[in-house]
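For the record, the sequence lines run as chains A and B.
Under numbering that gives the first Met the number 0, the first residue of the first sequence is numbered 0, with each subsequent residue one higher.
Under numbering that gives the first Met the number 0, the first residue of the second sequence is numbered 0, with each subsequent residue one higher.
Note that CB positions come from ideal geometry on N, CA and C, so glycine has one too.
Accompanying notes for the structure given below.
There are 2 protein chains.
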Amino acid sequence: MLKNMPRTLIEQTINQIGQKVQVAGWINSKRDHGQMVFIDLRDKSGILQIVAGKNQAQDLREEDVVCVQGQIKNRPPQMENPDIQTGKIELEAEKITVLSKAATLPFALKDVPSLSLPVLLDFRPLTLRSERVKAILTIQEVVIDSFRQTMKRLGFFEFQAPAIVPTATEGGAEVFKIDYYGHNAYLAQSPQMYKQIMVGAFERVFTVTKAYRAEPSYTTRHLSEYVSLDAEMGFIDSWEDLMAVCEIVIRDMWSALEQKCPKELSLFGVTLPILSNNPLPKIKMRQAQEIIFQRTGRDNRNEPDLTPEDEKEICLWSKENYHSDIIFITHYPRSKRPFYTQEDPSDPQYTLSFDILCAGLEITTGGQRINDYQRLLQNIKEWGNTPNDFRFYLQAFQYGMPPEGGFAFGAERLVKQILQLENLREANAFPRDMGRIDNRLNG
Amino acid sequence: MLKNMPRTLIEQTINQIGQKVQVAGWINSKRDHGQMVFIDLRDKSGILQIVAGKNQAQDLREEDVVCVQGQIKNRPPQMENPDIQTGKIELEAEKITVLSKAATLPFALKDVPSLSLPVLLDFRPLTLRSERVKAILTIQEVVIDSFRQTMKRLGFFEFQAPAIVPTATEGGAEVFKIDYYGHNAYLAQSPQMYKQIMVGAFERVFTVTKAYRAEPSYTTRHLSEYVSLDAEMGFIDSWEDLMAVCEIVIRDMWSALEQKCPKELSLFGVTLPILSNNPLPKIKMRQAQEIIFQRTGRDNRNEPDLTPEDEKEICLWSKENYHSDIIFITHYPRSKRPFYTQEDPSDPQYTLSFDILCAGLEITTGGQRINDYQRLLQNIKEWGNTPNDFRFYLQAFQYGMPPEGGFAFGAERLVKQILQLENLREANAFPRDMGRIDNRLNG
């Protein structure tokens, strides 16, 4: 196709006025004006208007992939389109070569924002091409990349956590079982054990990995497979070090999004959730419940956790009182945290743990871990687990482990909150849930 | 522990002569000299000699985690150790605080290089702390990071491929079955289908992801879960574009390793596999077999693939004739490649596909794909598959797909070949195989 001249990306054509170029991409739309046909050609960098003769364009339709040679010209002033980057120019087609024909579309790509979720996902290979879906995944890429950059800057070592694990005993959410050469194995609910083990070797580690949750429920906030941004940090002075690092992660991420994604944010008509210029607010879970009771009369003061409604309410309170959509909730009860969570020495029913809520949704969980082998062993038993199932993990603590702790951000939850999506499924390229693996299960 | 003064990393202490510092880490070794005790303290940045009084150090043993306050001093000249970065200094301990006690070690960390593989892996949380294992994982980190940096520089978009897939029909290696809410699902053998789908939206994409192979065999070259460095590229002129990108990936990676890992490479006493200054050599598989026949008398000229011995032999030939440990083998037979592989128009029994061999081992597979919907559909049938199982994937081609192709590097195989490890298992932090998930299965 492109042998005789190099391909020019559409965003570069604005610097090529008067020149002959070759562009290639998908036919985004086509407008027939008698002997003249106007085509909007789309490549990954943008959209360019092609002017073609009727004969050149008569068989073309949306999503055909074509290669066009011709000259870049200024548009007549009255024909300029200020909404697109190339709005002042157009390409006068000399030759159009079809690289791949498209079948008739089931819907126009511009209608993707109004599709129902099942249609959006059943036709994912097609809907991925829409501006909306590409914007979401671009935000996801920047969120993950920004996490990685911050971690590296702070001296964290990146490792690859395994997904296949031998025991289903971390507790909490349900796990997927694998037939592993005739044995039972499971998909990791998180890289928790492994990142803690790695602290014993590298002190500060992180991993971008999949976490799997076999929760048999449909919510707008859960996926069966999601991207977890996990970090663990040894030689901490206190668990407050962990919150400080989380705050740096978030501030860096917001800067990266502002710099790299203004177009994507404006497409969704959103601004980033507000970050206070002061340190982010931190309150204990029990205080949060008290505040919610005062504000709403809803008395969850003896509940072991915040409800989704509580999370929304306390974020509103944070915004009103601290000008921050993001707030740390600390000191969750011991009974609601995993066996490895450090108790608060001044109030042992609670833990040195925290969640971060962003505009009403939990996006992060973290806390200090027990680094004393005997204490950990005792907790494993107290939580009803078998120490032998944890002997691999326990080794790390048996042979000397510094004070440590960590946290995990849910990548899709961050994207959901940043773009104010209604459903987490939109924030994953190929979401899996109870009823869906691509277009399977129900079908 | 560190409240009263900040922690100094050991590598920084060489700039702190005469100053009071606080360091923290693991006791790497301890030598008793009567009233004086010498401790080698290890943190992630290096090793520092601590001089302590007998009383301060009597209860300490290897792998205890301690925090030490004291003054950095020059060593007496005759006591300098040129082998370590901090060999001219030592820390005179004023206060030693134990942060975590270690149990008696089953072996000394310095003996890790001589451990058998099962012991090395059964005690992974401990052996990870050895210089050898940390070096291997550091090389892995640089290999993966370098791949990512090159891909980004070349305009590839990073996406997150799913691991849970609905069908086990890509063929080739066996797959792991998952109980998915009462349905059957599988672990992805590769992100192949998804990266191709993504090309329809982003043109050039890559993913760093896990691939799963349920091969019921023990070899030194296979893992059940490995890290795949996958890329896919649309709007190619020809499949040679793919080989050109692979060559850039490798050259960048070698530069990154030379710059960032001289210590790790020299620990293993290796130099990087030789890259020719000329373009890397490329020969057809049939030619390779002919050369092997000429050199060894081994007649595999009608075999559909190279054997492991063939791969070693042709790399020797490449080194002798092209001064390159790395060689492209091209034109594998159609019957040995997946249904989506483009045939060579000039010889349709062969394909526009390639492997890259590095010092005797395949590290990459790639090729041009069929982007024509009808042709793809026909091949799916011809390979004995059910088109309906591929309807999600086929959508991408149904609605217009440019000429495209891609490749995948095996991260652990790269690390194995770079460090000349005997067994691939060493190149993964937590390797899984038929007999092992951590220290499970046989136990």
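Note down, in chain order, every chain A residue with its Cβ under 8 Å from the Cβ of residue i.
i, result
"Val142 of chain B", "Simply none; closest approach about 11 Å."
"Asn438 of chain B", "Arg390, Phe391"
"Ala23 of chain B", "Phe234, Pro401"
What residues of chain B sit near residue i, judged by a beta carbon separation below 9 Å?
i, result
"Ser223 of chain A", "Ile163, Tyr179, Tyr180"
"Arg6 of chain A", "Phe234, Asp236"
Using a cut-off of 9 Å between C-beta atoms, extract the partners of residue i located in chain A.
i, result
"Gly52 of chain B", "Simply none; closest approach about 22 Å."
"Asn370 of chain B", "Val64, Leu98, Ser99"
"Ile355 of chain B", "Those within 9 Å of Ile355 of chain B in chain A number zero; the least Cβ separation is about 21 Å."
"Phe338 of chain B", "Those do not exist, as Phe338 of chain B stays about 17 Å from chain A at its closest Cβ, beyond 9 Å."
"Asp39 of chain B", "Those within 9 Å of Asp39 of chain B in chain A number zero; the least Cβ separation is about 14 Å."
"Asp42 of chain B", "Glu202, Phe234"
Closest by CA to residue i, which one among the options?
i, options, result
"Phe338 of chain A", "A:Glu310, A:Arg368, A:Ala358", "A:Arg368"
"Gly181 of chain B", "A:Glu263, A:Ser254, A:Lys176, A:Arg336", "A:Lys176"
"Leu279 of chain B", "B:Phe267, B:Pro76, B:His322", "B:His322"
"Lys151 of chain B", "B:Leu127, B:Asp251, B:Ala134", "B:Asp251"
"Val198 of chain B", "B:Gly404, B:Leu274, B:Ser115", "B:Gly404"
"Ser44 of chain B", "B:Gln84, B:Leu114, B:Asn384", "B:Gln84"
"Arg374 of chain A", "B:Ser99, B:Val64, B:Thr12, B:Gly383", "B:Ser99"
"Val36 of chain B", "B:Val22, B:Gln48, B:Ile328", "B:Gln48"
"Ile436 of chain A", "A:Val204, A:Ser223, A:Phe158", "A:Ser223"
"Phe146 of chain A", "A:Ile247, A:Tyr211, A:Leu376", "A:Ile247"
"Pro401 of chain B", "A:Asn3, A:Arg123, A:Val22, A:Thr12", "A:Val22"
"Gln288 of chain B", "B:His32, B:Gln11, B:Ile249, B:Thr329", "B:Thr329"
"Leu307 of chain B", "B:Ile362, B:Cys66, B:Ser334", "Note on residue identity: the sequence assigns Pro, not Leu, to residue 307 of chain B. Nearest C-alpha to Pro307 of chain B: B:Ile362."
"Leu271 of chain B", "B:Trp253, B:Thr364, B:Ile9, B:Tyr185", "B:Trp253"
"Ile163 of chain B", "B:Ile143, B:Ile71, B:Pro190", "B:Pro190"
"Pro75 of chain B", "B:Gln68, B:Lys87, B:Val67", "B:Lys87"
"Glu312 of chain B", "B:Leu264, B:Ile326, B:Gly268", "B:Ile326"
"Asp82 of chain B", "B:Gln15, B:Leu266, B:Thr166", "B:Leu266"
"Phe391 of chain B", "A:Pro124, A:Ala51, A:Ile143, A:Gln159", "A:Pro124"
"Tyr185 of chain A", "A:Met192, A:Ala167, A:Tyr193", "A:Ala167"
"Tyr179 of chain B", "B:Gln188, B:Ala187, B:Pro165, B:Thr364", "B:Pro165"
"Phe408 of chain A", "A:Pro215, A:Lys281, A:Asn277, A:Ile143", "A:Ile143"
Under 8 Å Cβ to Cβ from residue i, same chain only, skipping five residues before and after it: list those, please.
i, result
"Val244 of chain A", "Leu153, Ala230, Met232, Phe406"
"Lys262 of chain A", "Ala134"
"Ala398 of chain B", "Per the sequence shown, residue 398 of chain B should be read as Tyr rather than Ala. The residues are Gly199."
Leaving out five residues before and five after residue i in sequence, what residues of the same chain have Cβ atoms less than 6 Å from its Cβ?
i, result
"Gly442 of chain B", "Below a pLDDT of 50, predicted positions are generally treated as unreliable, and Gly442 of chain B, at 41, falls in that range; the measurement from the model is reported next regardless. Here the set comprises nothing."
"Pro468 of chain B", "Absent from the model: residue 468 of chain B. The displayed extent of chain B is 0 to 442, so no value can be given."
"Glu257 of chain A", "none"
"Ile379 of chain B", "Phe338, Pro386, Phe389"
"Thr126 of chain A", "Val111, Leu119, Val132"
"Gln34 of chain B", "Lys53"
Could you name the residues of chain B that residue i contacts, counting a contact when the two beta carbons are closer than 7 Å?
i, result
"Gly199 of chain A", "Pro124, Leu127, Arg128"
"Arg431 of chain A", "Pro161, Ile163"
"Phe175 of chain A", "Ile177, Asp178, Tyr179"
"Ala184 of chain A", "Ile436"
Leaving out five residues before and five after residue i in sequence, what residues of the same chain have Cβ atoms less than 7 Å from its Cβ?
i, result
"Cys260 of chain B", "Thr137, Ile138, Val141"
"Leu273 of chain A", "One detail in the question is off: residue 273 of chain A reads as Ile in this sequence, not Leu. Taken in chain order, the residues that qualify are Lys318, His322, Ser323, Asp324."
"Tyr8 of chain B", "The amino acid at residue 8 of chain B is misidentified as Tyr; the sequence shows Leu. Counting only Cβ-Cβ distances below 7 Å, and skipping sequence neighbours, we find Asp42, Ser44."
"Val97 of chain B", "Asp63, Val65"
What residues from chain B crowd round residue i, counting only those whose CB sits closer than 8 Å?
i, result
"Leu104 of chain A", "Tyr398"
"Pro215 of chain A", "Tyr180"
"Tyr193 of chain A", "Ala428, Phe429"
"Gln341 of chain A", "Correct list: empty, because the minimum Cβ distance to chain B is about 13 Å."
List, in order along the chain, the chain E residues whose C-beta lies closer than 8 Å to that of residue i?
i, result
"Lys262 of chain B", "The structure shown contains no chain E; its protein chains are A and B."
At a CB-CB cut-off below 7 Å, which residues of chain A make contact with residue i?
i, result
"Lys209 of chain B", "Ala162"
With a threshold of 8 Å, are at least 3 pairs of Cβ atoms found where one atom belongs to the region 51-59 of chain B and the other to the region 83-95 of chain B? Under the 8 Å Cβ criterion, the region 51-59 of chain B counts as touching the region 83-95 of chain B, having at least three qualifying pairs.
Is the region 350-363 of chain B close to the region 404-422 of chain B, with three or more CB pairs under 8 Å? At 8 Å Cβ cutoff, the stretches touch.
Are three or more beta carbon pairs between the region 335-350 of chain B and the region 376-390 of chain B nearer than 8 Å? Under the Cβ criterion (8 Å, minimum of three pairs), the region 335-350 of chain B counts as touching the region 376-390 of chain B.
Are the region 422-431 of chain B and the region 235-242 of chain B touching, with three or more C-beta to C-beta distances below 8 Å? They do not touch, by the three-pair rule.
Does the region 23-31 of chain B come within contact of the region 60-69 of chain B, defined as at least 3 CB pairs closer than 8 Å? Counting Cβ pairs under 8 Å, three or more are found: they touch.
Give, in chain order, every unbroken run of the alpha helix (DSSP H) that is at least 4 residues long and sits entirely within the region 44-106 of chain A. DSSP runs (the alpha helix (DSSP H)) wholly in the region 44-106 of chain A: 53-56.
Sequence ranges, alpha helix (DSSP H) only - wholly within the region 231-301 of chain B, length at least 4: Counting whole runs of 4 or more residues, the region 231-301 of chain B contains the alpha helix (DSSP H) stretches 239-259, 261-266, 284-295.
Hey, which unbroken runs of the beta strand (DSSP E) at 3 residues or more fall wholly within the region 312-394 of chain A? List check, beta strand (DSSP E) in window: 325-329, 352-357, 360-367.
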